[in-house]
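What follows is a short report on a single structure.
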Amino acid sequence: MKETILLLALILFMVAIALVLYRVIVGPTMPDRAIALDTIGVNLISSIAIVSIILSTTAFLEAILILGILAFIGTIAFSKYIERGVIVERKGDS
Amino acid sequence: MSVKEILEWVAVLLILFGSIVSVISALGLIKLPDVYTRSHAASKSSTFAVLACLLGAFIYFWVVDGYVSIRLILGIIFVFITSPVAGHLICRAAYRANVPLAEGSGEDELKPVLFGGEGVVGSSVDLEEGTEK
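Chains as they are written, first to last, in UniProt numbering: chain A, 1 to 94; chain B, 1 to 133.
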């Protein structure tokens, strides 16, 4: 019963990722796509937690931290690119 | 039911609740009309969903294996701190990149302040170099 509920939760997260993927592909502007990619990363974190419960291992828990950091940095880079047109600003540029 | 079994059920139901909230958030991301309302749907309930799911996983590992996972606590704290920051930055970038508001959003009071419209002169011109190109 618990395994069934966990599988159902995993399937629901996959459905959420598939729905958000529509916004990544169609999304009219670039910030839409950035928000959708951030949401996909955050949903993947939860999916990894559920997979590590189902497989009853704790080996995947590092991936949660890494994926959280990567999603955050990716969102920051996207927003700086959308706002300024560059990602890494140097002093000599302008 | 023993305490262990009850706590397992609490963890599993937290995970199920988080997944349902996540699907609602994805529906909001599809249905809402512009970037700002979509960001509202995405960041708020996505943070909540991940919080519930990781908390459920933490309780499950704690009860079943007796394993207190510091990495899960770190993940919870990190997502809880960084997700509103990311949403704020994306919305700010979208507004400064002239993404229009949806129809019927009401009066836009930030626009004359930021982009130097009618009435406001020189107050914020030097804030806004580089977004014109």
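Where a beta carbon is used, it is the ideal one built from N, C-alpha and C, also for glycine.
With a threshold of 16 other CB atoms inside 10 Å of the CB of residue i, please say whether the residue is buried or exposed.
i                     : result
residue 77 (chain A)  : exposed
residue 55 (chain A)  : exposed
residue 90 (chain A)  : exposed
residue 7 (chain A)   : exposed
residue 22 (chain A)  : exposed
residue 6 (chain B)   : exposed
residue 35 (chain B)  : buried
residue 36 (chain A)  : buried
residue 53 (chain A)  : buried
residue 11 (chain A)  : exposed
residue 129 (chain B) : In this prediction, residue 129 (chain B) scores a pLDDT of 48, lower than 50, which makes its location untrustworthy; no coordinate-derived value is stated.
residue 42 (chain B)  : buried
residue 70 (chain A)  : exposed
residue 21 (chain B)  : buried
residue 95 (chain B)  : buried
residue 57 (chain A)  : exposed
residue 46 (chain B)  : buried
Are the Cβ atoms of residue i and residue j separated by less than 8 Å?
i                     : j                     : result
residue 38 (chain A)  : residue 38 (chain B)  : no
residue 17 (chain B)  : residue 52 (chain B)  : yes
residue 12 (chain B)  : residue 80 (chain A)  : no
residue 110 (chain B) : residue 76 (chain B)  : no
residue 20 (chain A)  : residue 26 (chain B)  : yes
residue 160 (chain A) : residue 99 (chain B)  : The shown model of chain A, from 1 to 94, leaves out residue 160 (chain A), and the question about it has no answer.
residue 40 (chain A)  : residue 67 (chain A)  : no
residue 59 (chain B)  : residue 10 (chain B)  : yes
residue 63 (chain B)  : residue 107 (chain B) : no
Hey, is residue i's beta-carbon within less than 8 Å of any beta-carbon in chain A?
i                     : result
residue 37 (chain B)  : no
residue 8 (chain B)   : yes
residue 59 (chain B)  : no
residue 120 (chain B) : Its pLDDT being 46, under 50, residue 120 (chain B) is placed unreliably by the model, and the measurement read from it follows with that caveat. Answer no: the Cβ-Cβ gap between residue 120 (chain B) and chain A never drops below 8 Å.
residue 165 (chain B) : In the structure as shown, chain B starts at 1 and stops at 133, and residue 165 (chain B) therefore has no counterpart that could be examined.
residue 115 (chain B) : no
residue 105 (chain B) : no
residue 78 (chain B)  : yes
Output yes if chain B places a C-beta closer than 8 Å to the C-beta of residue i; else output no.
i                    : result
residue 37 (chain A) : no
residue 55 (chain A) : no
residue 65 (chain A) : yes
residue 83 (chain A) : yes
residue 2 (chain A)  : yes
residue 77 (chain A) : no
residue 89 (chain A) : no
residue 51 (chain A) : no
residue 34 (chain A) : yes
residue 25 (chain A) : no
residue 70 (chain A) : no
residue 59 (chain A) : no
residue 7 (chain A)  : no
Hey, quick one: how far does the alpha helix (DSSP H) through residue i stretch, first residue to last?
i                     : result
residue 111 (chain B) : 110-115
I'd like the ranges of any alpha helix (DSSP H) spanning at least 4 consecutive residues and lying wholly in the segment 12-81 of chain A. Segments of the alpha helix (DSSP H) lying fully in the segment 12-81 of chain A: 30-54.
Considering only residues of the segment 29-82 of chain B, which uninterrupted alpha helix (DSSP H) runs meet the minimum length of 4 residues and lie entirely inside it, listed in chain order? 35-64
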